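If you read the sequence shown in the numbering used here, its first letter stands for residue 12, the second for the next number, and so on. Backbone N, C-alpha and C fix where the C-beta goes; we use that ideal spot for every residue, glycine too. The model shown is predicted, which means the values in this text are computed figures rather than measured ones.
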Amino acid sequence: MLYPSVDRLKEKIDSKYTLVTLASKRAREMQERHLYLLDEEEYKAHKNVGKALEEVVAGVLTNAERDESVIYEDEV
């Protein structure tokens with residue numbers, strides 16, 4: 012069985028494509044900055060993508076609305 016389950020993830024983020032994008036960006040941030048939103052003991056996953064998905068289920072990682080007037084670094 013996979014943790015966290017897809018059903019629990021879909022309760023938090025309605026689109027699986029948004030979920031993949033959100034988790035991948037958060038995993039990259041974890042890899043580069045070593046900043047975690049949960050205590051190290053709370054994670055069951057060993058890899059950053061799994062940890063990002065656990066943050067979604069815990070409710071600490073959400074999909075924020077983007078400000079269309081801002082040019083983001085990855086869009087330049």
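Cα-Cα separation, residue i to residue j
| i | j | result |
| --- | --- | --- |
| G61 | A75 | 20 angstroms |
| R44 | A38 | 10 angstroms |
| M12 | K36 | Because the pLDDT of M12 is 42, which lies under 50, any placement of that residue in the model is unreliable, and the question is left without a value. |
| Q42 | T29 | 20 angstroms |
| S26 | V17 | 11 angstroms |
| V31 | K21 | 11 angstroms |
Inter-residue CB distance, residue i and residue j (contact presumed, cutoff 8 angstroms)
| i | j | result |
| --- | --- | --- |
| K58 | Y14 | At roughly 12 angstroms, the Cβ-Cβ gap does not stay under 8 angstroms, so K58 and Y14 are not in contact. |
| V71 | L49 | 7 angstroms |
Contacting residues, own chain, Cβ-Cβ under 8 angstroms from residue i (five flanking each side not counted)
| i | result |
| --- | --- |
| L33 | I24, A63, V67, L72, N74 |
| E53 | E65, A69 |
Chain-order list of residues whose beta-carbon lies under 6 angstroms from that of residue i (same chain, five-residue window excluded)
| i | result |
| --- | --- |
| R19 | V68 |
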